[in-house]
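First comes the structure, then the notes that go with it.
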Amino acid sequence: MIRTKMASKLNCRQCFEYLRRFLISRVGILFTFTIGLCLVVYIIVGVFFPDPRHRFPLASIKEVRKYLDVPPTFKSYVRKRLNYDFTLLEYQYSHPLEYECKIPVVKKNDASPPSISSFLNCREPLVRQSDYGDLFVQPADIKNGRPEFRCFYSDLSDNKTEKYQLREGRQKIQKSLIQVDCYDRQNATMFSEKFLSLPSINEVSNVSNSRFSNQGSKNYSFALLNLNGLSKLDVIFKMPQTVDVLEKFNTHLFNGFHMATPSISVTELVKGFKSLLQNLKDSKAPTLLNSMIEEGSQNVLKQFSHQFMIPKTETPVKTGNCENPDYEKHLDLFKRFLSKYASIPTFSFTNLDLTNTTDLSTFDFRLADVLDKAYLNGAFENTILVLLGQKSIENGNEQPFLGVSLPDSYFASNPEMYSIYRTNKNALVTVDDVYNTVNSIVDKEGFESDSKVTLLQRIGINRTCEEMGIVDDQCHCLVQDGYVIDDELKSRIRPVVTNYILNTLSKLKCKVTHSNPIVRDIFDYTTPEKSYKAKTDVTVTYSNAKSSKIEVQIMLNSRFEIVNKGFTVFSDTKCGVKTLDEVCHCESRHLVH
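Spelled out as structure tokens, the structure:
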């Protein structure tokens, strides 16, 4: 027994000695340093970069989506600053519904108990004022890769005071008085009890339709977003955030898109998908009519399993200083529907009336946000998205807008179609070609391909408006006589071009070569020998003594008014030569705007 204990002590001493020698050796020191460094990095990443899109840059959309499904959490605390008390609610996690929170505004004074006076559910920064207090809200800011949503609440020191102040003193505002209620992703209602309730995915996931299941084991959906009152120029030059998001899921803008009439009614748009819509409805697949415009929508209500229409109000609904645009609920329903039923075939038609919308920057932000959230939720993995936009003659009759996004999974099984599809973006196309394209993919069995043109077959460059049934008033490629640029037009163009060239030179990588550029009267104004109906262009060439040459194109409308701030079509400087694609082709030989 004694020998066994001595042997055990000896072994322990030997193990300790071996460990000590290992730790003081070079290998041991390197091992200890590596373990410590990994631990420090792990702590830093966990604290400052909790978003998996930063922690794992190559994370799949599915992994990110799991993270986005985590409900947001809020913390409320009061901090002292000078003599004022702040109550701060800090957004902790990113979430698809980060802007869809309703925040009670508490009315409170010394004579009566606290009560909720109104709700705040806007997306833009504002100061919300009531009789007894105000609430300052900002959208989520990105801080260390983490969106944060902050709400500051304050009381008036005197309800008769005209000047708004934070409530003085050390009295803490109770947490229960300031709270943020976020809508659950699975909740049937988002805005109110009157809002359209969508059935759960379990209720519709057993959609059995062999006709739409034989498309290479893919069940494709279709979504049409009609932007009535927007032209192609509005989208390209006034909605940059939306254009950037559309590029994420490979949306092609068709430059030669024409319509046979100034605008297309809801009935006419749905008519092109009558067979597809009926078959989907018969198979119990979810179909949605989501329209701001009642006129014409009533005729097709019965063709959809779900309908949602809020008439466009003459005066925007206001609560305090908050203005809620009419399109808000329709955009949110558009996102909810696509995200909720991303895994099954669906048909949705969203119709927005933006004719009287003057603030396109706000709409650009909201539409880009909705499309981006739907994309992260996997809404476009198996969905064909078509965006249309048009203006009536009274609003300028500008060139209509067409954007089409086809799922990557379709081109994965039909790779030969992709190059043809891309080439056709500069061809003359109509909405009938869009109908044929969607029906050929989603309803391949029922589509009759004889003599029907689709965007997936090569369209000839010599196609004319007359062949497509487009009247002269709607054809943007009609050749007219050229015109001469007079001194008055040059005087209006010159400031725009000068600012653009200075900005272009300042952004060049070799700034030393072009430091303090002076733009003198070295301009060459040229126009095409022939112009085109509704839009034409002026190319202004700038050159200097350092052998730099920049061509800037200015687009004019039929009244010779500048409609854009210029864009570079050719740049030849010491930094290199750069040639950009034209904004729009009617045919390969003609340029039109």
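Going by the working numbering, 774 is the number at position 12 of the sequence shown; the sequence numbering is gapless. Just so you know, even glycine gets a beta-carbon here, dropped at the ideal spot from N, CA and C. Just so you know, these numbers come straight off a predicted model, no measurement behind them.
Given that a residue counts as buried once 16 or more other Cβ atoms are within 10 Å of its Cβ, and exposed if not, what is Ile1203? Position 441 of the sequence shown, counting from 1, holds the residue named residue 1203. Flag for Ile1203 reads buried.
Out of Ala1104, Asp1194, Tyr1103, Glu1056, state which residue places its alpha-carbon closest to the alpha-carbon of Asp1115. Start at 1 with the first residue of the sequence shown, and residue 1115 comes out as number 353. Shortest Cα-Cα distance from Asp1115 to any of Ala1104, Asp1194, Tyr1103, Glu1056 involves Glu1056.
DSSP state of Ser1045 mapped onto helix, strand, coil: One-based indexing of the sequence shown puts residue 1045 at position 283. Coil, per DSSP.
Quick check on Thr1124 - is its C-beta less than 8 Å from some C-beta in chain D? In the displayed structure, chain D is absent; only one protein chain is listed.
According to DSSP, is Val1166 helix, strand or coil? Working through the sequence shown from its first residue, we reach residue 1166 at position 404. Of the three classes helix, strand and coil, the one that applies to Val1166 here is strand, per DSSP.
Neighbourhood of Phe1163 by C-beta distance below 8 Å, restricted to the same chain and skipping five residues each side: Taking the sequence shown and counting its residues from 1, one reaches residue 1163 at position 401. In the same chain as Phe1163, and ignoring 5 residues on each side of it, the C-beta atoms closer than 8 Å to its own belong to Leu989, Leu992, Ser993, Lys994, Asp996, Val997, Leu1015, Phe1019, Leu1149, Leu1150, Gly1151, Gln1152, in chain order.
Please classify Glu1250 as buried or exposed, where buried requires at least 16 other C-beta atoms within 10 Å of its C-beta. Counting from one through the sequence shown, the residue named residue 1250 turns up at place 488. The residue is exposed, with fewer than 16 neighbouring Cβ atoms inside 10 Å.
Asp1189 burial status per 10 Å Cβ neighbour count (16 or more: buried): Within the sequence shown, numbered from 1, the residue matching residue 1189 stands at position 427. Looking at the sequence provided, one finds Ala at residue 1189 rather than Asp. Burial call: buried.
Per-residue burial, Gln1065 [other beta carbons within 10 Å of its own, 16 or more giving buried]: Counting from one through the sequence shown, the residue named residue 1065 turns up at place 303. That one is buried.
Thr1369 to Val1200 span [Cα, whole Å]: A query on residue 1369 cannot be resolved here, the shown segment of the chain reaching from 763 to 1355 and no further.
Roughly how many whole angstroms lie between the Cα atoms of Asn1118 and Lys1000? In the sequence shown, counting from the first residue as 1, residue 1118 sits at position 356. In the sequence shown, counting from the first residue as 1, residue 1000 sits at position 238. Whole-angstrom Cα-Cα distance: 15 Å.
Between Glu1229 and the rest of its own chain, which residues show a CB-CB distance below 7 Å, the 5 nearest in sequence each way excluded? The residue you call residue 1229 lines up with position 467 of the sequence shown. The beta carbon of Glu1229 sits closer than 7 Å to none of the beta carbons in its chain outside the five residues before and after it.
Would you kindly report the start and end of the unbroken beta strand (DSSP E) that includes Phe1109? Taking the first residue of the sequence shown as 1, we reach residue 1109 at position 347. Start and end: 1109-1115.
With H, G and I counted as helix, E and B as strand and the rest as coil, what does DSSP make of Leu1095? Counted from its first residue, the sequence shown places residue 1095 at position 333. Leu1095 falls in the helix class under three-state DSSP.
Tell me Thr1013's beta-bridge partners as DSSP assigns them. The residue labelled residue 1013 in the question sits at position 251 within the sequence shown. Answer is Ser1167.
Compare the Cα-Cα distances from Tyr1103 to each of Ser983, Phe1127, Phe1070 and report the closest residue. Here residue 1103 refers to the residue found at position 341 when the sequence shown is read from its first residue. Considering only alpha carbons, the answer is Ser983.
Would a C-beta distance cut-off of 8 Å place Phe1101 and Ala1130 closer than the cut-off? On the sequence shown, position 339 is the one that residue 1101 refers to. On the sequence shown, position 368 is the one that residue 1130 refers to. Correcting the residue identity first, residue 1101 is Ser in this sequence and not Phe. Against a cut-off of 8 Å, the Cβ pair of Ala1130 and Ser1101 comes out as no contact.
Exposure of Arg783, with buried meaning 16 or more beta-carbon neighbours within 10 Å: Along the sequence shown, one-based indexing puts residue 783 at 21. A residue is called buried once 16 or more other Cβ atoms fall within 10 Å of its Cβ, and Arg783, having fewer, is exposed.
Tell me whether Ala1141 sits in a helix, a strand or coil according to DSSP, three-state version. For the purposes of this step, residue 1141 is taken as the residue at position 379 of the sequence shown. Three-state DSSP puts Ala1141 in coil, outside helix and strand.
Residue interval of the beta strand (DSSP E) (run including Phe1035): Mapped onto the sequence shown, residue 1035 falls at position 273. First-last for Phe1035: undefined, no H or E at that position.
My understanding is that Ala1174 touches Thr1108, with C-beta atoms under 8 Å, so please give their C-beta distance in whole angstroms. One-based indexing of the sequence shown puts residue 1174 at position 412. One-based indexing of the sequence shown puts residue 1108 at position 346. The Cβ separation is near 21 Å, so there is no contact.
Within its chain, find whatever has a CB closer than 6 Å to the CB of Val1032; leave out the 5 residues flanking it on each side and keep chain order. The count along the sequence shown starts at 1 and reaches residue 1032 at position 270. The residues Val1062, in chain order, have a CB closer than 6 Å to that of Val1032 in the same chain once the five nearest residues on each side in sequence are set aside.
Exposed or buried, what is Cys1237 when buried is set at 16 or more other beta-carbons lying within 10 Å of its beta-carbon? What you label residue 1237 is simply residue 475 of the sequence shown in a count that begins at 1. Under this definition Cys1237 is a buried residue.
For Phe778 and Leu785, what's the separation of their Cα atoms in angstroms? As a working mapping, residue 778 is identified with position 16 in the sequence shown. As a working mapping, residue 785 is identified with position 23 in the sequence shown. If I take the Cα positions, the gap works out to 11 Å.
Please list, in chain order, all residues of the same chain as Asn1198 whose beta carbon is under 7 Å from its beta carbon, the five residues on each side excluded. Here residue 1198 refers to the residue found at position 436 when the sequence shown is read from its first residue. So the list reads Lys1214, Val1215, Thr1216, once near-sequence residues are dropped.
Measuring only the C-alpha atoms, how far is Thr1192 from Pro1169? Here residue 1192 is taken as the residue at index 430 of the sequence shown, counted from 1. Here residue 1169 is taken as the residue at index 407 of the sequence shown, counted from 1. Here the C-alpha atom of Thr1192 lies approximately 21 Å from the C-alpha atom of Pro1169.
Quick one: is Gln776 buried, meaning 16 or more other Cβ sit within 10 Å of its Cβ, or exposed? To locate residue 776, count along the sequence shown from 1; it is residue 14. By the 10 Å Cβ count, Gln776 comes out exposed.
Using beta-carbon positions only, say whether Phe1070 and Leu1095 come within less than 8 Å of one another. Here residue 1070 refers to the residue found at position 308 of the sequence shown. Here residue 1095 refers to the residue found at position 333 of the sequence shown. The Cβ atoms of Phe1070 and Leu1095 lie closer than 8 Å to each other.
Neighbourhood of Asn773 by C-beta distance below 8 Å, restricted to the same chain and skipping five residues each side: On the sequence shown, position 11 is the one that residue 773 refers to. Within the same chain, Asn773 has no close Cβ partners at all.
Kindly identify the DSSP beta-bridge partner or partners of Phe1125. Within the sequence shown, numbered from 1, the residue matching residue 1125 stands at position 363. None, per the DSSP bridge assignment.
For Ala1224, does the count of other Cβ atoms within 10 angstroms reach 16, so buried, or fall short, so exposed? Counted from its first residue, the sequence shown places residue 1224 at position 462. It should be pointed out that residue 1224 corresponds to Asn in this sequence rather than to Ala. It counts as exposed.
Looking at Ser1171 and Leu1147, is the spacing between their C-beta atoms short of 8 Å? One-based indexing of the sequence shown puts residue 1147 at position 385. One-based indexing of the sequence shown puts residue 1171 at position 409. No, Cβ-Cβ distance for Leu1147 and Ser1171 is not below 8 Å.
Simplified DSSP assignment, three categories, for Gln854: For the purposes of this step, residue 854 is identified with residue 92 of the sequence shown, where counting begins at 1. With a pLDDT of only 33 at Gln854, under the threshold of 50, the placement of this residue in the model should not be trusted; the figure read from the coordinates follows. Here DSSP, grouped into helix, strand and coil, assigns Gln854 to coil.
For Arg1220 and Glu1090, the rounded distance between their alpha carbons: Position 328 of the sequence shown, counting from 1, holds the residue named residue 1090. Position 458 of the sequence shown, counting from 1, holds the residue named residue 1220. Rounded to whole angstroms, Glu1090 to Arg1220 spans 39 Å at the Cα level.
Identity of the residues DSSP links to His1068 by a beta bridge: For this step, residue 1068 is matched to residue 306 along the sequence shown. Looking at the DSSP output, His1068 bridges to Leu1050.
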